[in-house]
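Take a look at the structure set out below.
There are 2 protein chains.
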Amino acid sequence: MSDRSTIYEVASRSGVSTATVSRVMRNGDGFSPATRDRVLAAASELGWVPNGPARGLASRRAGIVGLVFPDLGGSGDAEEESPLFVDEVIRGAERAATAAGDAVLIVSAHQASGRKLTYSVAGKVDGFVVMARSLADHDTAALAKTVPIVVLANHSARHGLDFVSADNRGGSREVTDHLLAVHGYTDIAFVGGPSRSPDSQERFAGFRAALSAAGRRPPTAPDARGNFTEAGGRKATEQLLASGRRPRAIVYGNDEMAVGGLAALRAARIKVPTDVAVTGFDDIATSRHLRPALTTVRQPMRDLGERAVDLLFARIADPTAERRSETLPVALVVRGSCGCRGRGGRVGGGTS
Amino acid sequence: MSDRSTIYEVASRSGVSTATVSRVMRNGDGFSPATRDRVLAAASELGWVPNGPARGLASRRAGIVGLVFPDLGGSGDAEEESPLFVDEVIRGAERAATAAGDAVLIVSAHQASGRKLTYSVAGKVDGFVVMARSLADHDTAALAKTVPIVVLANHSARHGLDFVSADNRGGSREVTDHLLAVHGYTDIAFVGGPSRSPDSQERFAGFRAALSAAGRRPPTAPDARGNFTEAGGRKATEQLLASGRRPRAIVYGNDEMAVGGLAALRAARIKVPTDVAVTGFDDIATSRHLRPALTTVRQPMRDLGERAVDLLFARIADPTAERRSETLPVALVVRGSCGCRGRGGRVGGGTS
DNA sequence: TTGTAGGCGTTATCAT
DNA sequence: ATGATAACGCCTACAA
Numbered sequence: 030m031s032d033r034s035t036i037y038e039v040a041s042r043s044g045v046s047t048a049t050v051s052r053v054m055r056n057g058d059g060f061s062p063a064t065r066d067r068v069l070a071a072a073s074e075l076g077w078v079p080n081g082p083a084r085g086l087a088s089r090r091a092g093i094v095g096l097v098f099p100d101l102g103g104s105g106d107a108e109e110e111s112p113l114f115v116d117e118v119i120r121g122a123e124r125a126a127t128a129a130g131d132a133v134l135i136v137s138a139h140q141a142s143g144r145k146l147t148y149s150v151a152g153k154v155d156g157f158v159v160m161a162r163s164l165a166d167h168d169t170a171a172l173a174k175t176v177p178i179v180v181l182a183n184h185s186a187r188h189g190l191d192f193v194s195a196d197n198r199g200g201s202r203e204v205t206d207h208l209l210a211v212h213g214y215t216d217i218a219f220v221g222g223p224s225r226s227p228d229s230q231e232r233f234a235g236f237r238a239a240l241s242a243a244g245r246r247p248p249t250a251p252d253a254r255g256n257f258t259e260a261g262g263r264k265a266t267e268q269l270l271a272s273g274r275r276p277r278a279i280v281y282g283n284d285e286m287a288v289g290g291l292a293a294l295r296a297a298r299i300k301v302p303t304d305v306a307v308t309g310f311d312d313i314a315t316s317r318h319l320r321p322a323l324t325t326v327r328q329p330m331r332d333l334g335e336r337a338v339d340l341l342f343a344r345i346a347d348p349t350a351e352r353r354s355e356t357l358p359v360a361l362v363v364r365g366s367c368g369c370r371g372r373g374g375r376v377g378g379g380t381s
Numbered sequence: 030m031s032d033r034s035t036i037y038e039v040a041s042r043s044g045v046s047t048a049t050v051s052r053v054m055r056n057g058d059g060f061s062p063a064t065r066d067r068v069l070a071a072a073s074e075l076g077w078v079p080n081g082p083a084r085g086l087a088s089r090r091a092g093i094v095g096l097v098f099p100d101l102g103g104s105g106d107a108e109e110e111s112p113l114f115v116d117e118v119i120r121g122a123e124r125a126a127t128a129a130g131d132a133v134l135i136v137s138a139h140q141a142s143g144r145k146l147t148y149s150v151a152g153k154v155d156g157f158v159v160m161a162r163s164l165a166d167h168d169t170a171a172l173a174k175t176v177p178i179v180v181l182a183n184h185s186a187r188h189g190l191d192f193v194s195a196d197n198r199g200g201s202r203e204v205t206d207h208l209l210a211v212h213g214y215t216d217i218a219f220v221g222g223p224s225r226s227p228d229s230q231e232r233f234a235g236f237r238a239a240l241s242a243a244g245r246r247p248p249t250a251p252d253a254r255g256n257f258t259e260a261g262g263r264k265a266t267e268q269l270l271a272s273g274r275r276p277r278a279i280v281y282g283n284d285e286m287a288v289g290g291l292a293a294l295r296a297a298r299i300k301v302p303t304d305v306a307v308t309g310f311d312d313i314a315t316s317r318h319l320r321p322a323l324t325t326v327r328q329p330m331r332d333l334g335e336r337a338v339d340l341l342f343a344r345i346a347d348p349t350a351e352r353r354s355e356t357l358p359v360a361l362v363v364r365g366s367c368g369c370r371g372r373g374g375r376v377g378g379g380t381s
């Protein structure tokens, strides 16, 4: 009730040594079924569970992996970034960690507090999965000197860190191809995310690749940019329209911006997809409820989290192994905003 | 690089004792600025951070709080429950914990694996915040015998556990009042959630209270029930219509079901809000993008997480203190689905 | 302001 | 199959 009991009490209560209790609690072998039952019974009666810290200290493994994700500026009412993405990744990570008997410690990082905040928990985990844009590059690098790390983003190749990412480029190319090939649209605008965002860069690259492959000359820069938020997408679209541009289709860097874009287009009395087709990237929950429903690209968010944790475990197991990375396939989700009829489901597989 | 250094190395490298290094790392006082700098420099050079487990063992505090949330059946494509709620709570908890220098460990619990899963991490944390419907009641009770717990749900009063919840009853009563007083609707149906869900029960109670206060005789049971999912809401609505009932308004137990309901009504060629008004509960992200946008009740999800963690800290600090509980106010969010014009924002405050 | 030393509750190594 | 018994890395009185 008050003071938690220890392995000693459980040991004496069940008439065995602490070593045996330890063995039983670790599900290993080296004890008879009878002994096992006695120990478990004693533990249960005392409401005892092995002390994590003591365990971690002795075994040199906390049994906890940390997940650093970008702080979604909870202050205002403006959704700074798609929360869904983060949450799904968290779930995937939790699943993979649990499967391996570990737990997940979450850390929200505001770019600023990055270093300090992260160090305060670095000692509590066996390693970190660091999501893109949660830490400044140099902070990530510094952190990597203290504990094993796997980055969840496109780049970081230059940092020599393990990483896993979605095939942003391939997905972007796929939607663009769809617009080009299936609908025959040729004048397509691209509304990108932050210029420094690797994801944003990759998606633009995919857009360009599709255009090039179709024999068209791709632009050297996005027609407009937003910060991956709904408001940003609206503003970027307004600018695009204000500049006099009237593309037949607009490829947005992500769903949230597409949502904002849809609002801007509606305000400008431009019909979607009749006058202009629209596509996004991410497939957030809202997308299928819009009208027209948004044609977009779905990322395997859960899988991203899982794979990142798996790579982390591998890295922890062998700190000197060669650098590894994985790119997960994405899937085109065709709905109404591109001009296709009905609310069709996913189409095609991913890219490698 | 390979083996992590210890406090001893940092101590000798900076020419002080381990006690002093410890003091510096805990941000306490009792050391000169010069010493502080030397220690920090040494630590930085060695890439050293205090070993969490060792620290936890010695101080008897892991510096970690656990958050148990319901497993959102990641298997199928059906969203079993509003993920937003869980995620926002997680964020709130993370914030409160961080503010106190602690970290948050997340644990997804499938009703089944509840006991086992949870015990495997019970030793790693100083206490748990257990979200509603993540653990069976008896598992929660059992867990509470091992570590301090705060429940995030309406009931649990009977278990004598601390808890924090949103004012489900008040919010439900408020939307219903709105339908009654502002719109003058009298024939209002209620589509509830799982009968065993405390949230569901409270919301129905609020619905009844509003009706009673308006001099109408409230039903003894919801007109239909769903499992808080979109599919469930659709099905429940179809049943309602199939039974021949044609209410002037439908109050749904949550937003997801309202979304499904909207689809069912559309399929039945029943116009919202012209023919029938609709309201939800939760204010999920999708709600404001629907058309008509959904009138609903917003819960202070983030705050719920924060308060729960705060209560947990208090409980950890004083295990023998009296039981405490808190009910947080909710806010009515009036949009188009109830019949109000435009996309008005929030209205009124909460209830106590 | 700083140092000394015992102990925190397990795990893991060696025995038996 | 089961026991002794050193670590494990840090905190925290207690001293100085």
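First to last, the sequence lines map onto chains A and B. In terms of our numbering, the first sequence opens at residue 30 and continues consecutively. In terms of our numbering, the second sequence opens at residue 30 and continues consecutively. Yeah, the Cβ is synthetic: ideal placement off N, Cα and C, and Gly gets one too. Note that the coordinates shown come from a computational prediction; the quantities given were computed from them, not determined experimentally.
Count the other CB atoms within 10 Å of the CB of residue i; is the residue buried (16 or more) or exposed (fewer)?
| i | result |
| --- | --- |
| A:Tyr281 | buried |
| B:Arg298 | exposed |
| A:Gly255 | buried |
| B:Thr324 | buried |
| A:Tyr37 | exposed |
| A:Val45 | buried |
| A:Gly189 | exposed |
| B:Cys367 | buried |
| B:Asp166 | exposed |
| B:Asp106 | With a pLDDT of 36 at B:Asp106, under the threshold of 50, the modelled position of this residue cannot be trusted; read the value that follows with caution. So B:Asp106 counts as exposed. |
In terms of residues, what are the limits of the alpha helix (DSSP H) holding residue i?
| i | result |
| --- | --- |
| A:Ser51 | 47 to 54 |
| A:Phe342 | 330 to 346 |
| A:Asp168 | 166 to 173 |
| A:Glu355 | Unbroken run through A:Glu355 is the beta strand (DSSP E), 354 to 357; no alpha helix (DSSP H). |
| B:Ile36 | 36 to 42 |
Is there a C-beta anywhere in chain B that falls below 8 Å from the one on residue i?
| i | result |
| --- | --- |
| A:Leu134 | yes |
| A:Pro247 | no |
| A:Asp332 | no |
| A:Leu361 | no |
| A:Ala238 | no |
| A:Ser137 | yes |
| A:Arg336 | no |
| A:Arg225 | no |
Tell me, please, whether the CB atom of residue i is closer than 8 Å to any CB atom in chain A?
| i | result |
| --- | --- |
| B:Ala107 | Note that B:Ala107 scores 39 on pLDDT, short of 50, meaning its location in the model is unreliable; the coordinates nonetheless yield the value given after this. With 8 Å as the cut-off, B:Ala107 does not count as an interface residue toward chain A. |
| B:Arg261 | Strictly speaking, residue 261 of chain B in this sequence is Gly, with Arg absent from that position. So, not an interface residue. |
| B:Ala161 | no |
| B:Gly76 | yes |
| B:Gly59 | no |
| B:Gly221 | no |
| B:Arg120 | yes |
| B:Asp116 | yes |
By the criterion of Cβ-Cβ separation under 9 Å, what are the contact partners of residue i in chain B?
| i | result |
| --- | --- |
| A:Ala83 | Pro82, Gly85, Leu86, Gly152 |
Residues of chain B with CB under 8 Å from residue i, in chain order?
| i | result |
| --- | --- |
| A:Asp66 | In chain order: nothing, as chain B lies at least about 16 Å away. |
| A:Glu123 | Ile135, Val136, Ser137 |
For residue i, return the contacting residues in chain A, with the cut-off set at a CB-CB distance below 9 Å.
| i | result |
| --- | --- |
| B:Ile217 | Residues of chain A passing the Cβ test: none, with the nearest at roughly 24 Å. |
| B:Gly130 | Ser149 |
Run down chain A in chain order and give the residues with a C-beta less than 7 Å from the C-beta of residue i.
| i | result |
| --- | --- |
| B:Ala91 | Gly81, Pro82 |
Determine the chain B residues that contact residue i at a beta-carbon separation under 7 Å, and present them in chain order.
| i | result |
| --- | --- |
| A:Tyr148 | Val78 |
Looking at the secondary structure, which residues open and close the beta strand (DSSP E) in which residue i lies?
| i | result |
| --- | --- |
| B:Arg327 | 325 to 327 |
| B:Val159 | 157 to 160 |
| A:Phe98 | 93 to 99 |
Quiz item: Taking any Cβ of chain A, which residues in the segment 338 to 353 of chain B have a Cβ under 9 Å from it, in chain order?
Solution: Pro348, Thr349
Quiz prompt | chain B contacts made by the segment 166 to 180 of chain A, where a contact means CB separation under 7 Å | solution = Lys174, Thr175
Self-check item: Short-range partners of chain B found in the segment 304 to 324 of chain A, where Cβ spacing is below 7 Å
Solution: Ala314, Thr315, His318, Leu319, Arg320
Quiz item: What residues in the segment 284 to 299 of chain A have a beta carbon less than 8 Å from any beta carbon of chain B?
Solution: Val288
Quiz item: If you measure beta-carbon to beta-carbon, which residues of the segment 189 to 210 of chain B are closer than 8 Å to chain A?
Solution: none
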